[in-house]
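Engineer:
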Amino acid sequence: MLIVKVIKPLVSTNRIPDFEHKHLQVVLDGSTKKVAVDAVGAKPGDWVICVSSSAAREAAGSKSYPSDLTIVGIIDHWEPDPPKTSAPAPSPTPSSTPAGGKSS
């Protein structure tokens, strides 16, 4: 399973017959945009749970359904990890005030 953020709906009017009547969403997985079948009615800005592979096909309605990513749940509360930085955090600089707390 994946936790991803819904970016926007994807509109596709010409589809194969098995793909009709399914809502599609553009989701962001890290820095990669992917298309997911929306089985739960997610909205842009929602954090969602997605399944992939054969679980995605079954969640979309059939083992023969042409999906490799399906939204199966909307997360009520989620705070993503802050982005990782390559530089270490700066160390605190020593104070210019003498140890007694009074400056001269």
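In my numbering, each residue carries its 1-based index in the sequence shown increased by 67. Heads up, the beta-carbon is just placed ideally off N, CA and C, and yes, glycines get one too. Being a predicted model, the structure only gives us computed values, none of them experimental.
1. Out of curiosity, what's the CA-to-CA distance linking K110 and K75?
2. On a CA-only basis, which of E146, P133, G112, P147 is nearest S121? Give me that one, please.
3. Please report the distance separating the alpha-carbon of Q92 from that of W145.
4. Whose C-beta lies closer than 6 angstroms to the C-beta of R124 among residues of the same chain, with five residues either side of it excluded?
5. Return the Cβ separation of C117 and L77 in integer angstroms, given the expectation that the two are a contact with Cβ distance under 8 angstroms.
6. Determine the extent of the beta strand (DSSP E) in which A127 is found, giving its start and end residues.
7. Please state the DSSP three-state secondary structure of P76.
8. Beta carbon of V139, beta carbon of D113: below 8 angstroms?
Structural biologist: Let me lay it out:
1. Each residue's alpha carbon lies about 7 angstroms from the other.
2. P133
3. 19 angstroms
4. K130, Y132, S134
5. In fact, because the Cβ distance is near 14 angstroms, the residues do not count as touching under 8 angstroms.
6. Where A127 is concerned, there is no enclosing beta strand (DSSP E), although the alpha helix (DSSP H) it sits in stretches over 120-127.
7. strand
8. no
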